[in-house]
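K.L.:
The structure is given below, and queries will be raised subsequently.
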Amino acid sequence: MQYLRNTLLLLFTVLVLTPSAFAQKYGSFQEAWAVGVTRYNKRMFEQSRAPFEAAFKLAETDRQRLQCSEALKASYRLLPTEHQMRDCCEYIMVNAATTAGRNNTGRELLGFMYQRGKIKEAQKRYEQMLEKDGKNTVALFMLSEIYDKITKEPAKAAEITLKLTKIDSESDGTPTKGTADGKISQTEVFQKAKAAAALVKAGKHEEGAKLFETIAPHLESTEPWNWKEAAFAWEKAGDQKNLRKALEMAAKTGPEKRNDLLGHFWHRQMGQIYVRQEMFKEAIPMFEKAIELTNIEGYAKDTAKELEAAKAKQ
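Heads up: the sequence shown is residues 1063 to 1376, going by the working numbering.
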C-alpha cells in the first residue's frame, strides 16, 4: 500500500500538475493556498488551479496535499481531458483517512467518467491494475461499482466487493476493523450489504441471505432493512423456515427509521412478502404505513391497490 501511495504521489506531482502552477511564484504553501482559496470561494475554479497546484508542490504534509487535491477537483472537472481528474481522485482514494472517504471519492470519479463516456476505458484500466496487484483497493472499489451499477454483473460485483471488504478489515489501523465488543464497522456493514445484494441478484440467494443475517445485528440503523432483505432472499431460495425467522426479526427490529423514503419501501416490501406468504392481516398495516410515508403520487397509488387487494383476501 505504501508503494502505491508513493507511486501515485510521484505521478500526480510530475504528470498531472502542469508547469502553469509556477507561472506565479509563491513563497510557501500557505501563500499559494490562500490565493487558491480566494479564487475558489469566488467560484473562479479555473483560475484557482495554478495556485492550488503550486500549493500541492510546496506542501510539507500529506494532509496539506490532500487539501489541495480536494480543492483541485473543481477545476479539473472543467478540463477537456479526464486524466487530471482521474489521477487526482485516485490519489485521494489511496490517501483518504477513512474507507468511507475513499468510497465517496470513488463514486464521484465513477460519475465523472460516466459523464465523459469513459467507463469502458476506466474498466480496462482498473482490471489491468488488479492484474498487477490483486490487493489494489482503488481498482477493487472502482470495479465493484462498475460491475454493480454499470455493466450489471452481480456475480463479479459480489466477488470483488467481498475481496475488498476482507482486505479493508485486515488492514492495520483501518476504520473498518471491528470494535472491542465484536461489532464490525459501519463501512464494513455497508460493503457487505452491497455484496449480499449482488449475490441475490446473481441467483445465489442462500449465500446472500446468510450474509444479510450476519451483518444485520452489527448496525442498529440498518438492522430492520437487512433482516427484510434476508427474508426476501430466503423467499427466493424457497426456504420457508428461514424466511419466517428473518421476517420475524425484521418486524421485531423495525420499522426502518432513517428517512421517509426508505421507510416507505421497507413497509411496502414487508407487506408484499406478507402477501406472498398469505399473511394478509400482517400485510395491511404495512401498506397503510407505506402510504403514510410517501408524498409521491405514483407510489401512494400503487401501494393503495396492494392494500385493497390484501384487505379483500384477509
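In this text, a Cβ means the ideal position worked out from N, Cα and C, and glycines have one as well.
CB-CB under 7 Å to residue 1126, same chain, minus the five flanking residues each way: which ones, in chain order?
P.N.:
For the purposes of this step, residue 1126 is taken as the residue at position 64 of the sequence shown. Contacts found: 1091.
K.L.:
Buried or exposed, going by whether 16 or more other CB atoms sit within 10 Å of the CB of residue 1210?
P.N.:
Locating residue 1210 in the sequence shown gives position 148, counting from the first residue. Residue 1210 is buried by the Cβ-count criterion.
K.L.:
Taking residue 1337 and residue 1295 to be in contact with their CB atoms under 8 Å, please state how far apart those CB atoms are, rounded to whole angstroms.
P.N.:
Position 275 of the sequence shown holds residue 1337. Position 233 of the sequence shown holds residue 1295. Residue 1337 to residue 1295, Cβ: 18 Å. No contact.
K.L.:
How big is the Cα-Cα spacing for residue 1376 and residue 1343?
P.N.:
Taking the first residue of the sequence shown as position 1, residue 1376 is located at position 314. Taking the first residue of the sequence shown as position 1, residue 1343 is located at position 281. Approximately 6 Å, taken between the alpha carbons.
K.L.:
The alpha helix (DSSP H) spanning residue 1322 covers which residue range?
P.N.:
As a working mapping, residue 1322 is identified with position 260 in the sequence shown. 1322-1338 is the extent of the alpha helix (DSSP H) around residue 1322.
K.L.:
So, do the stretch 1242-1261 and the stretch 1157-1174 have three or more beta carbon pairs nearer to each other than 8 Å?
P.N.:
Flag = yes, the stretch 1242-1261 and the stretch 1157-1174 touch.
K.L.:
So, with DSSP's three-state summary, where would you put residue 1082?
P.N.:
Counting from 1 along the sequence shown, the entry for residue 1082 is found at position 20. With a pLDDT of only 47 at residue 1082, under the threshold of 50, the placement of this residue in the model should not be trusted, and no figure is reported.
K.L.:
Tell me which residues share the same chain as residue 1192 and place their Cβ nearer than 8 Å to its Cβ, disregarding the 5 neighbours each side in the sequence.
P.N.:
As a first step, residue 1192 is located in the sequence shown; it is residue number 130 there, counting from the start. Around residue 1192: 1198, 1201, 1202, 1205.
K.L.:
What residues in its chain sit with their C-beta under 7 Å from that of residue 1345, if we drop five residues either side in the sequence?
P.N.:
The sequence position of residue 1345 within the sequence shown is 283, counting from 1. The residues are 1333, 1336, 1337, 1372.
K.L.:
In whole angstroms, what separates the C-alpha of residue 1118 from that of residue 1131?
P.N.:
Indexing the sequence shown from 1 puts residue 1118 at position 56. Indexing the sequence shown from 1 puts residue 1131 at position 69. C-alpha separation (whole angstroms): 8 Å.
K.L.:
Helix, strand or coil, according to DSSP, for residue 1341 in the structure here?
P.N.:
Residue mapping note: residue 1341 aligns to position 279 of the sequence shown, counting from 1. Residue state, collapsed to three classes: coil.
K.L.:
When the distance is taken between beta carbons, is residue 1353 closer than 9 Å to residue 1374?
P.N.:
Against the sequence shown, residue 1374 aligns to sequence position 312. Against the sequence shown, residue 1353 aligns to sequence position 291. No, the pair does not count as a contact, with Cβ atoms beyond the cut-off.
K.L.:
Using CA coordinates, which residue listed in 1184, 1107, 1113 is at the minimum distance from residue 1095?
P.N.:
Position 33 of the sequence shown, counting from 1, holds the residue named residue 1095. The shortest Cα separation from residue 1095 among 1184, 1107, 1113 belongs to 1113.
K.L.:
Using three-state DSSP, classify residue 1375 as helix, strand or coil.
P.N.:
As a first step, residue 1375 must be located in the sequence shown, where it is residue number 313. Helix.
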